[in-house]
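Below: the structure, in structure tokens.
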């Protein structure tokens with residue numbers, strides 16, 4: 001392997017960091033343009049994220065739900081699906097977990113599994129609705145996902161201001177706080193639950209194994225990379241679409257449960273916190289590779305939590321974190337377009353796996369070699385003419401077909417003198 005090939009290999013592995021580095025450089029330029037110090041700004045963000053035990057635990061608490069939603073999105077992106085409705089699936093997971101916390105009572109070892117199961121079921125069914133609209137109603141998952149996101153927000157506001165409103169009236173912002181047994185066990189009275197990190201780790205390992213070592217993972221890759229290849233493999237696009245969306249919805253719903261049972265202690269209007277849309281960006285930044293998702297999600301959590309203290313330590317507004325993430329969106333799109341044009345081309349297959357092998361023997365249908373004919377001798381390939389089944393090569397267009405009737409009957413001959421019958425009519 002040459003030195004150039006080695007350098008190119010490292011570039012491919014580190015490609016997800018390129019848009020992040022470009023966004024940091026661009027944001028630094030903006031700060032300098034307005035006479036602000038990039039070093040002071042980034043130092044303040046660092047202190048806001050790692051300046052104490054509580055701040056570190058806050059970063060972890062915000063990181064885990066993003067990690068769960070992003071892991072679920074890896075599944076749908078692998079299948080070629082844009083699950084924009086992941087935000088609504090997070091909200092539905094939080095609603096279902098809240099229902100268990102508000103309506104049932106019992107010890108933590110009973111309530112918490114019920115809450116987690118209800119949240120995953122709610123998120124899966126909400127995502128399944130979008131999948132059914134796509135497969136049966138031919139509604140693009142982007143449009144149905146956006147509509148279901150708004151519906152989930154409306155449902156949350158209705159529950160908070162109606163059936164689940166606190167008995168004393170309270171405010172429009174949340175329900176009655178949950179009982180202590182219904183909350184996830186938290187570390188040192190913070191918002192971070194070690195149990196949530198364990199669940200996220202299991203989810204990442206499980207999805208990585210599914211995409212890398214199972215038949216279902218192969219089917220999802222086939223569906224996402226080439227639907228025709230999937231058809232040749234016997235993959236049911238309708239079934240796999242629904243299953244992929246529901247799997248993503250289940251993990252997003254689990255993220256919603258983590259939000260409502262550890263970050264908050266009740267159902268709130270802003271329960272999702274925009275985590276669903278951030279997760280879409282995380283997966284795109286990770287170039288659809290699941291092993292990059294934890295690192296990039298952690299970076300986002302650091303930026304968004306660290307920017308809260310910007311205004312206290314500098315003259316900058318806390319919106320700088322939002323500007324930085326917005327610029328990253330721009331560079332993800334720019335570098336993605338460059339990749340499609342062949343500039344800094346990287347492997348775009350999902351999950352960081354090897355490209356999907358063609359199901360046909362010999363790589364047929366790849367556009368490199370023509371599909372061999374099933375007829376012996378390569379007939380029908382367009383290279384050699386198809387031999388005629390008649391002896392002597394008849395019917396090939398090279399020699400006229402001889403008349404099979406004796407003495408040339410059946411051929412057109414001139415009429416005898418005097419017309420038909422040879423007589424004169426007298």
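In full-length UniProt numbering, the protein residues as written are 1 to 426. The beta-carbon is built from N, C-alpha and C at its ideal position, and this holds for glycine as well.
Nearest-angstrom Cα separation, counted from residue j out to residue i
| i | j | result |
| --- | --- | --- |
| residue 343 | residue 234 | Unreliable positioning characterises residue 343 in this predicted model, as indicated by a pLDDT of 46, which lies under 50. The coordinate reading is nonetheless provided below. So the two alpha carbons sit approximately 35 Å from each other. |
| residue 99 | residue 118 | 9 Å |
| residue 80 | residue 310 | 39 Å |
| residue 304 | residue 16 | 19 Å |
| residue 179 | residue 111 | 10 Å |
| residue 27 | residue 327 | 8 Å |
| residue 175 | residue 48 | 30 Å |
| residue 182 | residue 206 | 26 Å |
| residue 149 | residue 23 | 29 Å |
| residue 270 | residue 257 | 14 Å |
| residue 370 | residue 211 | Reliability of the predicted coordinates at residue 370 is poor, the pLDDT of 43 falling under 50, and no value is obtained from them. |
| residue 259 | residue 65 | 7 Å |
| residue 134 | residue 83 | 11 Å |
| residue 158 | residue 35 | 47 Å |
| residue 268 | residue 214 | 39 Å |
| residue 61 | residue 40 | 26 Å |
| residue 492 | residue 57 | What the structure shows of the chain is the stretch from 1 to 426, and residue 492 is not part of that stretch, so it cannot be assessed. |
| residue 393 | residue 136 | Model confidence at residue 393 stands at a pLDDT of 46, short of 50, so the residue's coordinates are unreliable and nothing is read from them. |
| residue 59 | residue 301 | 6 Å |
| residue 254 | residue 120 | 5 Å |
| residue 144 | residue 129 | 9 Å |
| residue 173 | residue 165 | 9 Å |
| residue 225 | residue 77 | 10 Å |
| residue 316 | residue 31 | 9 Å |
| residue 297 | residue 69 | 10 Å |
| residue 20 | residue 331 | 8 Å |
| residue 107 | residue 93 | 21 Å |
| residue 272 | residue 156 | 11 Å |
| residue 324 | residue 333 | 15 Å |
| residue 124 | residue 244 | 10 Å |
| residue 319 | residue 167 | 37 Å |
| residue 232 | residue 221 | 13 Å |
| residue 113 | residue 147 | 30 Å |
| residue 329 | residue 105 | 44 Å |
| residue 321 | residue 33 | 17 Å |
| residue 29 | residue 18 | 17 Å |
| residue 189 | residue 109 | 19 Å |
| residue 101 | residue 132 | 30 Å |
| residue 284 | residue 295 | 13 Å |
| residue 351 | residue 223 | Low confidence applies to residue 351: its pLDDT is 43, below 50, so where it sits in the model is not reliable enough to give any reading. |
| residue 46 | residue 199 | 27 Å |
| residue 186 | residue 230 | 45 Å |
Near the ligand SAM: residue i beta-carbon under 7 Å from a heavy atom
| i | result |
| --- | --- |
| residue 166 | Within the structure as shown, the ligand SAM is missing, as the structure has no ligands at all. |
Residue(s) in a DSSP beta bridge with residue i
| i | result |
| --- | --- |
| residue 174 | 268 |
Best match in the options for proximity to residue i [C-alpha to C-alpha]
| i | options | result |
| --- | --- | --- |
| residue 237 | 247, 327 and 219 | 219 |
| residue 91 | 312, 160 and 322 | 160 |
| residue 126 | 109, 95 and 37 | 95 |
| residue 266 | 109, 285 and 115 | 115 |
| residue 463 | 42, 75 and 194 | An answer regarding residue 463 cannot be provided, because it is not within the stretch 1 to 426 covered by the chain. |
| residue 286 | 57, 67 and 62 | 67 |
| residue 299 | 312, 314, 282 and 313 | 282 |
| residue 241 | 227, 253, 120 and 113 | 227 |
| residue 263 | 40, 107, 163 and 194 | 194 |
| residue 74 | 324, 312, 217 and 230 | 217 |
| residue 427 | 165, 322, 196 and 87 | In this structure the chain extends from 1 to 426, so residue 427 is not present and cannot be described. |
| residue 87 | 244, 72 and 321 | 72 |
| residue 89 | 313, 122, 38 and 318 | 122 |
| residue 151 | 85, 162 and 232 | 85 |
| residue 103 | 314, 274, 239 and 177 | 177 |
| residue 313 | 37, 131 and 109 | 37 |
| residue 274 | 109, 163 and 63 | 63 |
| residue 97 | 163, 132 and 184 | 184 |
Interface flag, residue i vs chain D, CB-CB below 8 Å
| i | result |
| --- | --- |
| residue 281 | Absent from the structure: chain D. Only one protein chain is present. |
Check whether the region 132 to 141 and the region 274 to 291 touch, using three or more Cβ-Cβ pairs below 8 Å as the test.
no
Of all the alpha helix (DSSP H) runs that stay within the bounds of the region 74 to 133, which reach a length of 4 or more residues?
86 to 103
Hey, is the region 238 to 257 in contact with the region 50 to 57, meaning 3+ C-beta pairs nearer than 8 Å?
no
Runs of alpha helix (DSSP H) lying entirely within the region 219 to 266, each at least 4 residues, in chain order:
227 to 232 and 237 to 258
Any contact of the region 199 to 218 with the region 282 to 296, i.e. 3+ C-beta pairs under 8 Å?
yes
As an exercise, report each continuous alpha helix (DSSP H) stretch of at least 4 residues that is fully enclosed by the region 129 to 165, in chain order.
141 to 161
Suppose only complete runs of 4+ residues qualify. What are the alpha helix (DSSP H) ranges in the region 267 to 331, listed by chain order?
275 to 285, 293 to 306 and 310 to 313
Uninterrupted alpha helix (DSSP H) stretches inside the region 36 to 64 (no shorter than 4 residues)
38 to 50
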